[in-house]
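Position one of the sequence shown corresponds to residue 443 (my numbering), numbered consecutively onward.
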Amino acid sequence: MTAELRKLAHRLGVAPDRLDFLAGVPAEDLRALRAQAGEMLFRADKHFFVRIAALTRAVPSVIAAKLAELTLPPLLAARTTELLDPAKAVDMCSRLPDGYLADVAAALEPSRCTGVLGTIPPARAAAIARVLAGRKEWVVIGGFVSCMSWEAVVASVEQLNGEQLLRIAFVLEDLARLDDITQVLTDGQLDEMVRACAQGRLWAELATVVANLRPERAARLGERLRAIAGALEAARQAVAAGTFPAPALARLTGA
């Protein structure tokens, strides 16, 4: 299952295997379809979201936050957030529990909320990321990274283990940030990545990471690969089986 198919499945709210028939469609076409689906879903009931947003703007944040938590399903809250002034939305977020915000985050379209996501305090972003990771919402987290402040990204990364980070990296919306993120990972997190590959067969995920690293970052990951007993041999077996690209292993080992 490709990263783009997983993202499309999340957008449509269906199990990824329901989209197996699209396996041969080019990634750029799947991205276009995902964008079109998001636009269609947003416009379908926009008139309703506009009214809710107007009501939210008219009352103090403390009241709006409590009303949202008690009366608005996460999807409605997400669509309303996309229409709010960022300062108002962030103020409301500060008054809502992590679990509810994680529910809302799963229904958000990040590109419509860049002003909100970019100003969420790092500690709050990290708390929500921890909840989402516990729910295995990899696509959701991967979509937010390009919109969050660097401080919020770093704080969130500190809350996640290597396997979680590997799964997020595979569906990361902004792969240009992957190298910088890898730079702040601890050796322990990199070791967890390597073990997840050797034990969980997450070779496609690792290949995505390796393809977007600078040589020095790839070399550091390669050092961890050699340091974990049996990991290098597992990588070679994955290459032989066709589940891990030979060029990716070469980048890691310098061979």
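Backbone N, C-alpha and C define an ideal beta-carbon position, used for all residues, glycine too.
A distance of 8 Å or more separates the beta carbons of leucine 607 and glutamine 641. Comparing alpha-carbon positions, the option among Gln625, Ala510 and Ala457 lying closest to tryptophan 592 turns out to be Gln625.
For the pair leucine 667 and alanine 677, the CB atoms are nearer than the 8 Å cut-off. The C-alpha of alanine 529 lies about 16 Å from the C-alpha of leucine 543. In the DSSP annotation of this structure, the continuous segment of the alpha helix (DSSP H) that includes leucine 632 starts and ends at 629 to 642.
According to the DSSP assignment, leucine 538 belongs to no alpha helix (DSSP H), since it is labelled neither H nor E. Note on geometry: alpha-carbon atoms of alanine 653 and alanine 690 lie some 7 Å from one another. Annotated three-state conformation of leucine 674 is helix, per DSSP. In the three-state reduction of the DSSP assignment, proline 528 falls in the helix class, which pools H, G and I.
Taking the Cα positions, alanine 469 is about 29 Å away from alanine 567.
Per DSSP, aspartate 616 is not a residue of any alpha helix (DSSP H), being assigned neither H nor E. When Lys508, Leu517, Leu559 and Cys555 are compared, the shortest CA-CA separation from leucine 538 is found for Lys508.
In the DSSP assignment, proline 516 falls within the unbroken alpha helix (DSSP H) covering 516 to 523. In this structure, methionine 534 sits near alanine 506, with a CB-CB distance shorter than 8 Å.
When C-alpha distances from valine 546 are compared across Ile562, Leu512 and Pro516, the shortest belongs to Pro516. Per the C-alpha coordinates, the member of Asp622, Cys639, Cys589 and Ala520 positioned closest to glycine 604 is Cys639.
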